[in-house]
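Residue numbers (this note's numbering), protein chains in the order written: chain A, 1 to 252; chain B, 253 to 504.
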């Protein structure tokens, strides 16, 4: 199985490093406009700076920004091979080639982090059973968690990921701001933050919800809103609290 | 050092189990109206069902609901000993005794979880240096993380904890609902959820924020709001997104 990889961002970097380790795969070429010789990728595969310099491979993985996928795919100088993208929110059909697929690792990547790929869910999609099986084979070389989901489901998973990642992290950011304002170290909240995540994984998050909103404790809620100095912190507190009250009120 | 513990809830249960293990402490009595002989606490200390049956101890720890603390303290049948509560949001002054304090372990406790107390931050407060030192000694028997903070700071830490715990968990709950609605297993998001928490601990959460709101990607934001079916999910999405845009917009 030969692989071409297009892209030089976080996802491409982590994928390249993992793919280069798989004995059954040959990472043939890596394409990126911004590639500089001798940096980051040069030890992993042949580097090229134009898409048209790529030679045919079993799978071509396009790991570029959502808005560039279609254009990049249309520049590929070969046909009748499998072309996949790695995006959570872009439909399969965006790829113009007949043999198209999706290879979406559902994780937040940054180059500075080491990542244990074996636990990262990889969501795959293709138009034929044969291509799906090829993607599944590749995915299983990397991870034990492979999911065959369609483009609609993938979009929903990506939206759910915004809540789990972007929105949870913004709640952490506000907590850190509150700590900073009142001369408290944010590490005071580290154990709680970690435990909250672990409980949501070990149990169902709705089963472990606690706090003034869950109890509909209007005195504490009013005191908290009063304590918050920033308008957007107040809005977030009130909006999330109203949703929690509505959610658990239904259960009574 | 002898200790009396009042309460039979999650905090009391975990504290009793930890305190009973400390060689330098004697867990003398545990008081709770709902105590049933031979259950949960009977192997740890003498059980009593009325506050007035308690005998003097070096420290009396009141681990009951916020609204009951003052009343419980006022029933204590002895004087001139240190009386503390374990609440994040109740002021020190709520305890009527002269020798008063706070012993607040900042963690989310449930009886079914095992807890590694050594990493739990314990926030302490007292009116005299001597009592503060006694509390510090006790706290250090349990944990390596002891913070001396005042009642105002403790209230703020408790408010920040609502964001880190209650609100992050509600974001997880919404993500799980989105998964359920679209026949996706929530475990698809476990790796991301865990990584998000770990990154916020290893780095500063505001340094690792990503996503459409951070990028002010109005197309993806509009598509996401459109995909959400519940009004309160839309409100949460919009409120958090507006706050993220405002937060990172400031930095430009």
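Positions of the beta carbon are idealized from the N, C-alpha and C atoms, including for glycine. Note that the structure is predicted; figures quoted are calculated from it, not measured.
Asked	Found
Buried or exposed by the 16-neighbour rule on C-beta atoms within 10 Å, applied to residue 133/A	exposed
Residues of its chain near residue 363/B, where Cβ-Cβ distance is below 6 angstroms and the 5 sequence neighbours each way are ignored	262 and 265
Proximity to residue 282/B [Cα-Cα], best of 307/B, 274/B, 445/B and 273/B	307/B
Rounded C-alpha distance that separates residue 203/A from residue 249/A	21 angstroms
Assigned exposure category for residue 491/B - 16 Cβ within 10 Å defines buried	buried
Beta carbon proximity, residue 472/B to chain A, threshold 8 angstroms	yes
CB contact below 8 angstroms: residue 18/A versus chain B	no
Secondary structure of residue 41/A, DSSP reduced to three states	coil
Own chain partners of residue 473/B with C-beta closer than 7 angstroms, once the 5 adjacent residues on each side are dropped	464, 465 and 493
For residue 252/A, the three-state DSSP class (helix, strand or coil)	Any reading at residue 252/A must be qualified, since the residue scores a pLDDT of 47, below 50, and its modelled position is unreliable; no value is offered.
Rounded distance between the beta-carbons of residue 16/A and residue 44/A, thought under 8 angstroms	5 angstroms
Through-space distance from residue 66/A to residue 178/A, alpha-carbon basis	35 angstroms
The stretch 399-412 of chain B: positions lying closer than 8 angstroms to chain A by Cβ	399, 401, 404, 405, 407, 408, 409, 411 and 412
Test: residue 253/B CB closer than 8 angstroms to a CB of chain A	no
is_contact[residue 179/A, chain B] using C-beta, thresh 8 angstroms	yes
Boundaries (first-last residue) of the beta strand (DSSP E) holding residue 442/B	Residue 442/B -> not in any beta strand (DSSP E); alpha helix (DSSP H) instead, spanning 442-454.
Selected residue, minimal CA-CA separation from residue 447/B, among 437/B, 462/B, 334/B and 343/B	462/B
Neighbourhood of residue 504/B by C-beta, 8 angstroms cutoff - its chain only, sequence neighbours within 5 removed	In this prediction, residue 504/B has a pLDDT of 47, which is less than 50 and means its spatial position is unreliable; what the coordinates show is noted afterwards. Correct list: empty, nothing qualifies.
With 16 other Cβ atoms within 10 Å as the buried cut-off, status of residue 28/A	buried
Chain B contact residues for residue 174/A, given Cβ-Cβ distances below 7 angstroms	415
Per-residue burial, residue 299/B [other beta carbons within 10 Å of its own, 16 or more giving buried]	buried
Chain A contact for residue 322/B (CB, 8 angstroms cutoff)	no
Closer than 8 angstroms to chain A by CB, residue 488/B	yes
Residue-level contact to chain A via CB, residue 452/B, 8 angstroms cutoff	yes
In DSSP terms, what residue 29/A is bridged to	4/A and 46/A
Alpha-carbon to alpha-carbon, residue 69/A and residue 94/A	8 angstroms
Contact set between the stretch 191-216 of chain A and chain B, restricted to residues whose Cβ is under 9 angstroms from the partner	191, 192, 193, 194, 195, 196, 197, 198, 199, 200, 201, 202, 203, 204, 205, 206, 208, 209, 210, 211, 212, 213 and 214
Whole-angstrom distance between residue 382/B and residue 119/A, CA atom to CA atom	51 angstroms
Backbone secondary structure at residue 363/B - three-state DSSP	coil
For residue 126/A: DSSP bridge partner residues	101/A
Contact set for residue 327/B: own chain, Cβ-Cβ below 6 angstroms, skip 5 residues either direction	303
Paired residues, beta bridge with residue 59/A - DSSP	3/A and 82/A
Rounded straight-line distance, which links the Cα of residue 139/A to that of residue 99/A	17 angstroms
Residue ranges of each alpha helix (DSSP H) within the stretch 392-427 of chain B, 4 or longer	403-413
Neighbourhood of residue 406/B by C-beta distance below 8 angstroms, restricted to the same chain and skipping five residues each side	340, 341, 354, 356, 375 and 377
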